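S.K.:
Chains as they are written, first to last, in this note's numbering: chain E, 295 to 524; chain Z, 3 to 265.
(1) If the criterion is Cβ atoms closer than 9 angstroms, does the pair residue 190/Z and residue 42/Z meet it?
(2) Determine, using beta-carbon pairs with one atom in the stretch 445-453 of chain E and one in the stretch 301-318 of chain E, whether at least three such pairs fall under 8 angstroms.
(3) Using the Cα positions of residue 413/E and residue 441/E, report the straight-line distance between them to the nearest angstrom.
(4) Can you find a CB in chain Z that lies within less than 9 angstroms of the CB of residue 327/E?
(5) Taking Cβ positions only, does residue 175/Z come closer than 9 angstroms to chain E?
(6) Can you tell me whether DSSP reads residue 48/Z as helix, strand or coil?
(7) Quick check: the stretch 487-501 of chain E against the stretch 416-428 of chain E, are at least 3 beta-carbon pairs closer than 8 angstroms?
(8) What would DSSP say about residue 262/Z, mapped onto helix, strand or coil?
(9) According to the Cβ coordinates, are residue 22/Z and residue 236/Z closer than 9 angstroms?
(10) Residue 348/E CB to nearest chain Z CB: under 9 angstroms?
(11) How many Å lie between residue 309/E and residue 464/E at the Cα?
(12) Could you run through the stretch 409-429 of chain E and flag, in chain order, every residue whose CB is less than 7 angstroms away from some CB of chain Z?
(13) For a contact meaning CB atoms closer than 7 angstroms, what does residue 106/Z contact in chain E?
(14) Taking 8 angstroms as the cut-off, does the stretch 404-412 of chain E touch the stretch 374-393 of chain E (at least 3 CB pairs, one atom from each stretch)?
(15) Can you tell me where the alpha helix (DSSP H) holding residue 238/Z begins and where it ends?
(16) Which residues bound the alpha helix (DSSP H) around residue 210/Z?
(17) Use the C-beta contact count for residue 113/Z: other C-beta atoms within 10 angstroms, 16 or more gives buried, fewer gives exposed.
(18) Examine the Cβ distances between the stretch 67-74 of chain Z and the stretch 240-257 of chain Z and report whether three or more of them are shorter than 8 angstroms.
(19) Could you check which residue in 161/Z, 173/Z, 195/Z and 196/Z has the C-alpha nearest to that of residue 129/Z?
(20) Per DSSP, residue 29/Z is paired with what?
(21) Looking at the unbroken alpha helix (DSSP H) that takes in residue 38/Z, where does it start and where does it end?
(22) With the cut-off set at 9 angstroms, would you say residue 40/Z and residue 31/Z are in Cβ contact?
(23) Are the beta-carbon atoms belonging to residue 210/Z and residue 44/Z less than 9 angstroms from one another?
(24) Exposed or buried, what is residue 367/E when buried is set at 16 or more other beta-carbons lying within 10 Å of its beta-carbon?
(25) Output yes if chain Z places a C-beta closer than 9 angstroms to the C-beta of residue 517/E; else output no.
(26) Listing by chain order, which chain E residues have their CB less than 7 angstroms from the CB of residue 98/Z?
(27) Between residue 119/Z and residue 94/Z, is the Cβ-Cβ spacing less than 9 angstroms?
(28) Using a Cβ-Cβ cutoff of less than 7 angstroms, which residues in the same chain neighbour residue 475/E once the five nearest sequence positions on both sides are dropped?
(29) Count the other CB atoms, across all protein chains shown, that sit within 10 Å of the CB of residue 92/Z; report buried if there are 16 or more and exposed otherwise.
(30) Which word fits residue 5/Z, buried or exposed, when buried means at least 16 other C-beta atoms lie within 10 angstroms of its C-beta?
(31) Measure the C-alpha to C-alpha separation of residue 216/Z and residue 87/Z and round it to an integer number of angstroms.
(32) According to the neighbour-count rule (16 or more other Cβ atoms, all chains shown, within 10 Å of its Cβ), is residue 81/Z buried or exposed?
(33) Is residue 100/Z helix, strand or coil by DSSP?
(34) Does the stretch 98-116 of chain Z come within contact of the stretch 146-157 of chain Z, defined as at least 3 CB pairs closer than 8 angstroms?
(35) Using a beta-carbon distance cut-off of less than 9 angstroms, what residues from the stretch 428-444 of chain E approach chain Z?
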């Protein structure tokens, strides 16, 4: 029994069916961690990308350094650091938040590169035309560059969304009850690992296929020249 | 002709130097344009023609010299009686006097034709939406595209796109309009419609126009003055009849001869 839901070990099929609701509880946590991690990665990545494209070196260099550092160290190390070191400095976050934050931080390094490529894909002429019309730098970024960059970066961002989802099981080491952790606990208690782990694999496959399909359909629907704003 | 004495120049380059790395693109250029004058710059590619326009539009900086636009230094501002490099606020104010039409049109592909034109008047000049729209309609009408306002640039031909770009520049009510090879990216059959629009603008008495073009016949028809550029300097300038009809300099003759043969 887990989360108050009992399992039925009379045969394999009954067992599989009975633990599905338990795994779903873990799946919800997995999806939540993915969503929160992605939001953090999407926002922080944009900030890093904007900093990296800044003319001032004092702004650009720290962003480059942070990106490089994050990319070159394992997610697990960052997670342990956030989970075990930050409390020493008075910052205690629940395991779930720490985990989602670590995921977001790790992937912000990747999304910042995606944004940068997207920004750079907007031709020089567009920026020059905005300049000739005397539009401010901020306005040029918001209404000229971003709407044209977004359709070009959707596929790459989507791939990272799927990657984040696949990295969520790492959070199990700091006791987050995501789907893999739930399956392991079921295995520990029933001595049957095959069925819960197989179900986890299957559920993951369904989720990633769904996500890939959603991204593809979004991508084909977005106009390639940019998003017409009204 | 000492025309600068009669009428104060709206654009004045004094010993302007522009380098790209090792290459000196403008080599101590002195150059004046009077208010309302239509000046065409011709010359071989790489002679610094487009750079003159790009510097005026503040898309390129200068390495030496001074440029005055409407009596004010463009790249410098006076602070405590001294000329110092201009700050962004000064540049933005100076840019308001100018508009530019680009070789590649550079319309915003994600906006309708109307929004391409209304965006800057609304957010830079502070016009209301209604006013900006009326202005857009007026200039779309002027370039003969009144019925295309709701289309996206990709739905228009190159010639139509360039006409929209002209309307977009005009909607900012510039004193000076810069044309950087406005027909070079167009299919031959679309050149005429764009030149017609520019020709109509040339009738505007107050509008100062500075064009870089390879359309010699067109330059002959609309220009008050033609400047032949080579190697970062003006080799020869004068009324079109003189520069095209009886060029004094050997280099001008060689260029025009090559050009006519290439045609």
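We put the beta carbon where it would ideally sit given N, CA and C, even for glycine.
Predicted model, so just to flag it, every value in this text is computed and none were measured.
M.R.: So, to answer that:
(1) no
(2) no
(3) 10 angstroms
(4) no
(5) no
(6) coil
(7) no
(8) helix
(9) no
(10) no
(11) 26 angstroms
(12) 419, 420, 422, 423, 425, 426, 427, 428 and 429
(13) 419
(14) no
(15) Per DSSP, residue 238/Z belongs to no alpha helix (DSSP H); it is in the beta strand (DSSP E), 235-240.
(16) Note, residue 210/Z: premise wrong, no alpha helix (DSSP H); beta strand (DSSP E) at 210-214.
(17) buried
(18) no
(19) 173/Z
(20) 19/Z
(21) Element bounds for residue 38/Z: n/a, residue is neither H nor E.
(22) no
(23) no
(24) exposed
(25) yes
(26) 428
(27) no
(28) 320 and 466
(29) buried
(30) Reliability of the predicted coordinates at residue 5/Z is poor, the pLDDT of 44 falling under 50, and no value is obtained from them.
(31) 34 angstroms
(32) exposed
(33) strand
(34) yes
(35) 428, 429, 430, 431, 433, 437, 438, 441 and 442
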